[in-house]
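Numbering (numbering that gives the first Met the number 0), first residue to last: 0 to 313. What follows is one structure encoded as structure tokens, with my remarks underneath.
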Amino acid sequence: MPVNIAELNRQFAIPGIAEVITGSGGLAAVRITAPDAKGTLYLHGGHVTSWTPAGNDDVLWISGKSIWQPDKPIRGGVPICFPWFGARRNDPASPAHGFARLRTWELESIEQKAGAVTVTVFLTSDPDIQKTWPHDFLLRHKVTFGKELIMSLEFKNTAPQNRTRSVSEGLQDQSVKFEEAQHTYFAVGDVRQVKVKGLAGARYLDKTDNLKQKEQTGDLAITAETDRPFFDTAAPIILEDPSKSRKITLTKEGSRSTVVWNPWIAKARAMADFGDDEWPRMLCIETCNVGVDAVKVAPGQTQLMASYLRVDPL
Ligand code: BG6
Numbered sequence: 000m001p002v003n004i005a006e007l008n009r010q011f012a013i014p015g016i017a018e019v020i021t022g023s024g025g026l027a028a029v030r031i032t033a034p035d036a037k038g039t040l041y042l043h044g045g046h047v048t049s050w051t052p053a054g055n056d057d058v059l060w061i062s063g064k065s066i067w068q069p070d071k072p073i074r075g076g077v078p079i080c081f082p083w084f085g086a087r088r089n090d091p092a093s094p095a096h097g098f099a100r101l102r103t104w105e106l107e108s109i110e111q112k113a114g115a116v117t118v119t120v121f122l123t124s125d126p127d128i129q130k131t132w133p134h135d136f137l138l139r140h141k142v143t144f145g146k147e148l149i150m151s152l153e154f155k156n157t158a159p160q161n162r163t164r165s166v167s168e169g170l171q172d173q174s175v176k177f178e179e180a181q182h183t184y185f186a187v188g189d190v191r192q193v194k195v196k197g198l199a200g201a202r203y204l205d206k207t208d209n210l211k212q213k214e215q216t217g218d219l220a221i222t223a224e225t226d227r228p229f230f231d232t233a234a235p236i237i238l239e240d241p242s243k244s245r246k247i248t249l250t251k252e253g254s255r256s257t258v259v260w261n262p263w264i265a266k267a268r269a270m271a272d273f274g275d276d277e278w279p280r281m282l283c284i285e286t287c288n289v290g291v292d293a294v295k296v297a298p299g300q301t302q303l304m305a306s307y308l309r310v311d312p313l
């Protein structure tokens with residue numbers, strides 16, 4: 000159903016602070032201009048595309064080549080990957096990183112508290128989703144634009160609890176297993192100069208080296224194409240960016256995996272929605288539960304995964 004921007008503004012706008020706008024490609028977005036931060040969240044994908052805390056540049060990166068269309072994911076910001084990460088196992092025709100970043104999410108509320116604003120959007124299963132992913136769910140993304148960016152992704156298994164029986168009884172288990180990511184693209188001055196701290200000693204799969212299992216030694220520097228899902232990484236991660244004289248601290252909740260990605264030269268060239276020369280200006284550090292850290296949620300239960308971002312001078 001097309002989004003009625005005038006009606007959403009009537010219900011949710013906060014004059015001078017939050018309004019629903021027609022964004023790039025005609026897609027609906029919530030634009031925040033609050034004392035503590037400016038920001039934008041597209042209903043397409045429930046996708047944060049910008050967060051500029053007062054006194055800073057935008058902390059998030061968006062490609063100048065992003066394709067702003069309902070059937071394409073936005074390249075940059077914070078795509079929500081759900082309910083699978085990367086290619087779907089045994090089903091390469093399904094969209095990479097799941098369907099959530101390709102759907103129009105619904106606006107639930109916009110609330111102001113002091114200098115910050117919280118926007119809540121949600122996605123529920125519908126007959127179209129059920130054709131390929133037959134589960135009942137409510138996925139809610141609650142995003143606070145303030146001195147910190149707080150992104151809280153809550154999954155609820157909405158299957159009726161009385162339908163849950165053990166598999167041994169011959170009845171279907173209504174638990175849902177899924178992968179999820181807040182696939183944050185950070186804007187950096189020069190990716191070749193950054194350091195990522197907080198992953199030393201962590202086990203990862205090297206997707207640029209036949210998925211070999213490796214262990215991170217010391218801080219992570221980016222010197223080539225980098226594509227690494229790290230496991231058992233619940234601790235905060237710090238992105239030091241000397242060319243922007245700032246450091247970003249990512250604190251996580253309910254997330255056991257972290258993915259670090261930069262496409263470098265050849266892969267950037269191969270992507271239609273990524274400028275050939277844009278790769279030095281971004282680094283993805285993704286709050287996730289993927290692979291062995293996939294999550295299983297019983298009927299009636301919820302699971303929460305959250306990212307807290309802060310910027311400080313370096
Ligand atoms: C990363 C994956 O998270 O996302 C990479 O680990 C992938 O393998 C990248 O290339 C971008 O994915 P997409 O589907 O947005 O092009």
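Idealized CB from N, CA, C, for every residue including glycine.
One question on the structure: do residue i and residue j come within less than 8 angstroms of each other, judged by their Cβ atoms?
i    : j    : result
M281 : V187 : yes
G200 : E214 : yes
V175 : H134 : yes
V118 : V29  : yes
G45  : W132 : no
L106 : L122 : no
I79  : Q181 : yes
V116 : A12  : no
Q160 : P298 : yes
V195 : W278 : no
A357 : G114 : This structure cannot speak to residue 357, because the chain is shown only from 0 to 313.
W83  : S23  : no
L59  : W50  : yes
T183 : I284 : yes
N288 : E179 : yes
F81  : A95  : no
F230 : G290 : yes
S65  : A305 : no
DSSP three-state call for residue i: helix, strand or coil?
i    : result
P133 : coil
Q192 : helix
N320 : What is shown of the chain runs 0 to 313, which leaves residue 320 out entirely.
Q160 : helix
P228 : strand
V58  : coil
N8   : helix
G253 : coil
P52  : strand
R74  : coil
P241 : helix
V291 : helix
K64  : coil
P262 : coil
S23  : helix
A267 : helix
P312 : strand
A17  : strand
From this set, the options, which residue's C-alpha is nearest residue i's C-alpha?
i    : options                : result
P312 : N3, D272, K243         : K243
F136 : Q300, F144, D205       : Q300
T70  : L101, K37, S93         : Residue 70 is actually Asp in this sequence, not Thr. Residue L101 is the option with its Cα nearest to D70.
L26  : V77, M150, P72         : P72
T207 : G217, A180, V195, T222 : T222
K155 : Q173, I149, F144       : Q173
P52  : A36, M150, N209        : A36
I149 : V296, P126, T286, A95  : T286
D56  : S65, V296, W278, D240  : D240
S93  : G114, D125, W50, K130  : K130
K61  : V310, F273, L308       : Before going further, note that residue 61 is Ile rather than Lys in the sequence given. It is F273 whose Cα lies nearest to the Cα of I61.
Q302 : G253, N3, T248, G97    : G253
K112 : V19, T143, P91, D125   : T143
G54  : D275, V289, K295, R245 : R245
L7   : E178, G145, V120       : V120
V310 : V294, K295, I247       : I247
Should residue i be labelled buried (16 or more other beta-carbon atoms within 10 Å of its own) or exposed?
i    : result
S256 : buried
E147 : buried
D292 : buried
M0   : exposed
A271 : exposed
W233 : The sequence given here places Ala at residue 233; Trp does not occur at that position. Exposed is the call here.
G63  : exposed
T250 : buried
G15  : exposed
R87  : buried
N89  : exposed
R227 : buried
A267 : buried
N209 : exposed
T39  : buried
R74  : buried
N3   : exposed
A158 : buried
T314 : Past the boundaries of the shown model lies residue 314; the chain is included only from 0 to 313, so the question cannot be answered.
T225 : buried
(message) Which runs of the beta strand (DSSP E) at least 3 residues long sit entirely within the segment 85-138? Give them in chain order.
(response) If we require 3 residues or more, the beta strand (DSSP E) runs fully inside the segment 85-138 come out as 105-112, 115-123.
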